[in-house]
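A short worksheet on the structure shown next.
Number of protein chains: 2
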Amino acid sequence: MNIKRHSPRILAALVCAALSASPLTHAAPGDATNPLVIQEQGSFAIGGSVIQGPDGQTLHGDHARVFYQVPVNPRKLPLVMWHGFGQFSKTWETTADGREGYQNLFLRRQFATYLIDQPRRGAAGRGTVGGTVSATPDEQRWFNTFRVGVWPDYFPGVQFSRSRDALDQYFRAMTPDTGPIDAKLASDAVSALFDKIGPAILVTHSHSGGMGWLAAMKNPRIRAIVSYEPGSGFVFPEGELPPAMASAAGALEPVGIPPAEFMKLTKIPIIIYYGDFIPKAPMANPGQDGWRVRLAMAKRWAETINRHGGDAKVVHLPEIGIRGNTHFPFSDLNNVQVADLMSGFLAEKHLD
Amino acid sequence: MNIKRHSPRILAALVCAALSASPLTHAAPGDATNPLVIQEQGSFAIGGSVIQGPDGQTLHGDHARVFYQVPVNPRKLPLVMWHGFGQFSKTWETTADGREGYQNLFLRRQFATYLIDQPRRGAAGRGTVGGTVSATPDEQRWFNTFRVGVWPDYFPGVQFSRSRDALDQYFRAMTPDTGPIDAKLASDAVSALFDKIGPAILVTHSHSGGMGWLAAMKNPRIRAIVSYEPGSGFVFPEGELPPAMASAAGALEPVGIPPAEFMKLTKIPIIIYYGDFIPKAPMANPGQDGWRVRLAMAKRWAETINRHGGDAKVVHLPEIGIRGNTHFPFSDLNNVQVADLMSGFLAEKHLD
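Chains as they are written, first to last, in full-length UniProt numbering: chain A, 1 to 352; chain B, 1 to 352.
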């Protein structure tokens with residue numbers, strides 16, 4: 001049909017017809033077969049700086065890139081989703097095996113979503129510092145570090161498709177840095193995003209976990225943090241640092257910051273999730289053993305936050321009976337169940 | 001509201017309420033204030049190859065990245081939108097001054113949209129060949145080459161916002177190559193996209209114009225091409241090459257290909273649009289003068305296509321009274337008018 005020929009009233013009728021006539025509405029409302037009704041969508045660059053050459057030419061770089069969608073009747077607080085190391089906004093989009101990721105799942109739950117590409121990554125590749133992109137094959141290492149299995153074997157019961165296409169898409173969801181990662185610069189850009197959009201919830205993954213704490217200390221508009229498998233950058237008050245933790249993946253060092261800064265993290269609810277296949281005792285496989293100390297450090301970190309009057313919680317999914325998750329719980333085969341947990345947290349904290 | 005609590009019937013009612021209760025439905029149906037009703041959206045990698053290191057590690061790279069949206073009741077043929085040099089899928093999203101780009105405008109016109117990041121660019125940054133990313137300031141050169149004006153002056157009547165924020169967003173819409181541009185590899189990936197999605201219309205810009213001809217010769221599922229300001233890669237049958245055309249931006253060389261290949265381009269409708277501020281006679285400013293010969297070559301190219309029984313047309317917008325367009329007509333201030341022209345072409349060729 002040529003929608004341009006129809007009046008607004010008829011358009012509304014057509015939309016409702018599409019919604020109610022279609023067999024799709026017999027599915028659950030959150031079902032992937034129902035249409036997404038988007039009030040507004042678009043993209044923009046945020047943060048960054050400008051450098052000038054001797055010839056007066058400029059370069060605008062070091063911004064983050066954001067793609068956002070606002071559903072009709074959005075909830076009060078948007079979700080800002082920040083990818084991890086080697087990844088980009090794709091983290092939250094279609095899963096490797098072709099199901100809906102957090103972008104769609106939470107749009108269906110009436111949240112506005114803002115997906116970030118951090119400075120010098122993906123669509124935000126224009127930086128004020130150059131870089132070298134290597135094409136060194138390294139994917140089996142990531143397969144292990146992301147706890148899909150121990151290459152070439154998948155973990156028994158892992159929540160990851162065994163199809164070759166899924167693994168192909170999974171590997172192609174990585175994209176290189178176009179310049180040095182700079183935690184201050186990245187957290188500045190994310191803080192600038194919250195200045196632009198106002199109060200919202202920050203969802204981080206892996207490497208953005210630590211940078212997410214930095215952003216939250218910079219901007220009180222970050223009203224809560226949901227952090228999936230933070231891997232580094234655990235900040236502690238100077239004088240209260242736990243010892244570094246050794247693992248087959250190297251030592252995990254806590255980061256000391258001024259106590260007044262740390263206290264800012266005690267003002268918001270924070271929840272941290274880790275998946276399965278994390279050993280209790282040291283083991284030789286660095287891909288798994290690194291997560292043993294990251295999980296331990298996260299628990300130590302949450303204890304410290306709470307000792308100072310904060311509200312942080314670490315949920316180790318197998319401990320609540322949710323098994324088989326990789327380093328990417330939000331895109332694993334059970335990601336609707338994982339999303340339900342996050343929805344439960346947001347409801348419990350009256351953030352939805 | 002917690003949408004998960006509602007039945008499908010109630011959901012439909014809520015959506016309809018949202019649509020009809022809101023004052024927004026008093027606007028025109030294609031208006032940016034009406035909701036987009038998306039049946040399906042997602043992203044995937046397409047094309048590319050795999051290399052293996054001596055240690056058995058692999059690297060999947062050289063794919064294109066695609067973000068797609070399918071509206072409810074889509075038209076027969078999707079639109080596949082391919083950015084130009086130094087750009088990425090952002091080209092088709094929100095304009096530099098915050099209005100809707102072709103992604104939203106054509107979703108509102110009931111077309112499914114597929115936005116590409118070509119191999120080794122933006123979200124498709126993972127390549128099988130490494131590269132060096134330079135941070136050399138060069139934006140005033142692009143300001144001139146993209147015909148916004150002659151830095152620091154805007155062209156009188158240029159269809160580009162004078163706001164500083166718009167220029168800031170415009171410059172930040174560039175992203176570097178993460179490896180060498182490879183026209184064969186890029187057109188292979190785009191051809192693979194058409195293998196996946198079936199018959200569709202290819203929309204190209206600038207540098208993707210020439211690569212778009214290559215893709216169309218590889219894949220008959222490309223049913224038409226709308227090319228905005230193709231800048232190079234004009235293919236002619238061997239033996240029918242026009243002379244190179246000299247300009248202040250350098251010589252534009254035609255590309256010879258086997259006549260049998262060329263003939264494939266005579267089987268589909270092709271329309272080419274160029275904007276304003278292209279000089280009729282040679283001038284010293286390379287930013288403008290380069291387009292003088294590209295426009296001339298495009299006209300020569302269309303004549304050759306048509307002489308061989310094809311259907312190609314070059315529309316120089318000022319000649320039909322549409323003035324002030326830059327190198328990015330689809331995101332200029334008058335982009336709805338420019339989109340109407342494209343809709344008219346698609347209707348005329350029964351492609352909608």
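Heads up, the beta-carbon is just placed ideally off N, CA and C, and yes, glycines get one too.
Here the structure is a predicted model, which is why all the values come from computation and not from measurement.
Exercise. Which residues, in order along the segment 38-49 of chain B, keep a beta-carbon less than 7 Å from a beta-carbon of chain A?
Worked result: I38, Q39, Q41, G42, S43, F44, A45 and G48
Exercise. From which residue to which residue does the alpha helix (DSSP H) around B/V293 run?
Worked result: Locating residue 293 of chain B in the second sequence gives position 293, where the first residue counts as 1. Unbroken alpha helix (DSSP H) run through B/V293: P286 to R307.
Exercise. Does any C-beta atom of chain B lie closer than 8 Å to the C-beta of A/N334?
Worked result: Against the first sequence, residue 334 of chain A aligns to sequence position 334. No - not a single Cβ of chain B is within 8 Å of the one on A/N334.
Exercise. Is there contact here, the segment 140-148 of chain B with the segment 327-336 of chain B, by at least three beta-carbon pairs under 8 Å?
Worked result: yes
Exercise. Could you give the residue range of the alpha helix (DSSP H) that holds A/T145?
Worked result: Against the first sequence, residue 145 of chain A aligns to sequence position 145. Segment E139 to T145, the alpha helix (DSSP H) holding A/T145.
Problem set entry | Collapsed DSSP secondary structure at residue 357 of chain B in the structure displayed | Residue 357 of chain B is absent from the structure shown; chain B starts at 1 and stops at 352.
Problem set entry | First and last residue of the uninterrupted beta strand (DSSP E) at B/D55 | Residue numbering aside, residue 55 of chain B sits at position 55 when the second sequence is read from its first letter. Note, B/D55: premise wrong, no beta strand (DSSP E); not H, not E.
For this session: Please go through the segment 69-112 of chain A and give each complete beta strand (DSSP E) segment of 3 or more residues, from N-terminal end onward.
Result: 79-82
Exercise. A/A45 and A/R65: beta carbons closer than 8 Å?
Worked result: To locate residue 45 of chain A, count along the first sequence from 1; it is residue 45. To locate residue 65 of chain A, count along the first sequence from 1; it is residue 65. Their beta carbons are under 8 Å apart, which means A/A45 touches A/R65 by this criterion.
For this session: Say whether chain B places a C-beta atom closer than 8 Å to the C-beta of A/H83.
Result: As a working note, residue 83 of chain A is residue 83 in the first sequence. So, not an interface residue.
For this session: With DSSP collapsed to three states, give me the class of B/M174.
Result: Position 174 of the second sequence, counting from 1, holds the residue named residue 174 of chain B. The answer is coil: DSSP assigns B/M174 none of H, G, I, E or B.
Exercise. Can you tell me whether DSSP reads A/H327 as helix, strand or coil?
Worked result: Mapped onto the first sequence, residue 327 of chain A falls at position 327. Note: A/H327 maps to coil in three-state DSSP.
Problem set entry | C-alpha gap between B/M174 and B/P279, whole angstroms | Position 174 of the second sequence holds residue 174 of chain B. Position 279 of the second sequence holds residue 279 of chain B. If you take the alpha carbons of B/M174 and B/P279, they lie about 26 Å apart.
Exercise. When the distance is taken between beta carbons, is A/F106 closer than 8 Å to A/L77?
Worked result: One-based indexing of the first sequence puts residue 77 of chain A at position 77. One-based indexing of the first sequence puts residue 106 of chain A at position 106. Not in contact: A/L77 and A/F106 (Cβ atoms no closer than 8 Å).
Exercise. Between A/K267, A/G250, A/G256 and A/R323, which lies nearest to A/W291 when the distance is taken from Cα to Cα?
Worked result: Residue numbering aside, residue 291 of chain A sits at position 291 when the first sequence is read from its first letter. The candidate whose alpha carbon is nearest that of A/W291 is A/G250.
For this session: Given a cut-off of 8 Å, decide if A/R141 and B/L52 are closer than it, judged by their beta-carbon atoms.
Result: The residue labelled residue 52 of chain B in the question sits at position 52 within the second sequence. The residue labelled residue 141 of chain A in the question sits at position 141 within the first sequence. The amino acid occupying residue 52 of chain B in the given sequence is Gln; Leu does not appear at that position. No, they are not a contact pair.
Exercise. How about B/S43 and A/E93: do their beta carbons lie closer than 8 Å?
Worked result: Here residue 43 of chain B refers to the residue found at position 43 when the second sequence is read from its first residue. Here residue 93 of chain A refers to the residue found at position 93 when the first sequence is read from its first residue. Yes, they are a contact pair.
Exercise. Relative to the alpha-carbon of B/Q169, which residue among B/I222, B/P318 and B/R99 has its alpha-carbon at the smallest distance?
Worked result: The residue given as residue 169 of chain B occupies position 169 in the second sequence. When each option's Cα is compared against that of B/Q169, the closest is B/R99.
For this session: Output the residue ranges of the alpha helix (DSSP H) runs that lie fully inside the segment 197-241 of chain A and measure 4 residues or longer, sorted by chain position.
Result: 207-218
For this session: Go to B/F155, then tell me how far its beta strand (DSSP E) extends in each direction, as first and last residue.
Result: Start at 1 with the first residue of the second sequence, and residue 155 of chain B comes out as number 155. Note, B/F155: premise wrong, no beta strand (DSSP E); not H, not E.
For this session: Identify the contact partners of A/I51 in chain B, using a Cβ-Cβ distance below 8 Å as the criterion.
Result: Residue 51 of chain A sits at position 51 when you count from the first residue of the first sequence. Ordered by position in chain B, the residues that pass the 8 Å Cβ test against A/I51 are A135 and P137.
Exercise. Leaving out the 5 sequence neighbours to the left and right, which residues in its chain are closer than 6 Å to B/G47 when beta-carbon positions are compared?
Worked result: For the purposes of this step, residue 47 of chain B is taken as the residue at position 47 of the second sequence. The residues are H63, A64, D188, A189 and A192.
Exercise. Is B/M342 close to chain A, meaning its C-beta is less than 8 Å from at least one C-beta of that chain?
Worked result: For the purposes of this step, residue 342 of chain B is taken as residue 342 along the second sequence, with counting starting at 1. No, B/M342 does not count as interfacial toward chain A.
Exercise. Quick one, which residues of the segment 211-227 of chain B are near chain A if we go by CB-CB under 8 Å, in chain order?
Worked result: none
For this session: Indicate the three-state DSSP secondary structure (helix, strand or coil) for B/S132 in the structure shown.
Result: Within the second sequence, the letter at position 132 stands for residue 132 of chain B. A small correction: the amino acid at residue 132 of chain B is Thr; Ser does not occupy that position in the sequence shown. Three-state result, B/T132: strand.
Exercise. Is DSSP giving B/Q118 helix, strand or coil here?
Worked result: If you number the second sequence from 1, residue 118 of chain B lands on position 118. In the structure shown, B/Q118 sits in coil (DSSP, three-state: anything other than H, G, I, E or B).
Problem set entry | Nearest-angstrom beta carbon gap, B/G210 and B/G239 [assumed within contact, 8 Å] | Here residue 239 of chain B is taken as the residue at index 239 of the second sequence, counted from 1. Here residue 210 of chain B is taken as the residue at index 210 of the second sequence, counted from 1. Going by Cβ atoms, the distance from B/G239 to B/G210 rounds to 20 Å, so no, they are not a contact pair.
Exercise. With A/I270 and A/D311 assumed to form a contact (beta carbons below 8 Å), what rounded beta-carbon distance in angstroms separates them?
Worked result: Stepping through the first sequence from its first residue, residue 270 of chain A is reached at position 270. Stepping through the first sequence from its first residue, residue 311 of chain A is reached at position 311. The pair is a contact, with the Cβ atoms about 7 Å apart (cut-off 8 Å).
For this session: Report the three-state DSSP secondary structure of A/P258 (helix, strand or coil).
Result: Locating residue 258 of chain A in the first sequence gives position 258, counting from the first residue. A/P258 falls in the coil class under three-state DSSP.
Exercise. Does any CB atom of chain B fall closer than 8 Å to the CB of A/P23?
Worked result: Residue 23 of chain A sits at position 23 when you count from the first residue of the first sequence. Reliability fails at A/P23, whose pLDDT of 38 lies under 50, so the model's placement of it is uncertain and the value that follows must be treated cautiously. Closer than 8 Å: no.
For this session: Taking the CB atoms as reference points, tell me whether B/N219 and B/D182 lie closer together than 8 Å.
Result: On the second sequence, position 219 is the one that residue 219 of chain B refers to. On the second sequence, position 182 is the one that residue 182 of chain B refers to. In this structure, B/D182 does not lie closer than 8 Å to B/N219 by Cβ.
Problem set entry | Rounded distance between the beta-carbons of B/A248 and residue 414 of chain B, thought under 8 Å | Here chain B has residues from 1 to 352 only, and residue 414 of chain B is not among them.
Exercise. How would you label residue 366 of chain A, buried or exposed, when you count the other beta carbons within 10 angstroms and need 16 or more for buried?
Worked result: With chain A represented from 1 up to 352, any question about residue 366 of chain A goes unanswered, as that position is not in the structure.
For this session: Could you tell me whether any Cβ in chain A is nearer than 8 Å to the Cβ of B/H63?
Result: Locating residue 63 of chain B in the second sequence gives position 63, counting from the first residue. At least one chain A Cβ lies under 8 Å of B/H63.
Exercise. Is the Cβ of B/A123 closer than 8 Å to any Cβ of chain A?
Worked result: One-based indexing of the second sequence puts residue 123 of chain B at position 123. True, the Cβ-Cβ gap to chain A drops below 8 Å.
Problem set entry | Closest Cα partner of A/M297 within the set A/R121, A/P230 and A/N334 | To locate residue 297 of chain A, count along the first sequence from 1; it is residue 297. For the residues A/R121, A/P230 and A/N334, the minimum Cα distance to A/M297 belongs to A/P230.
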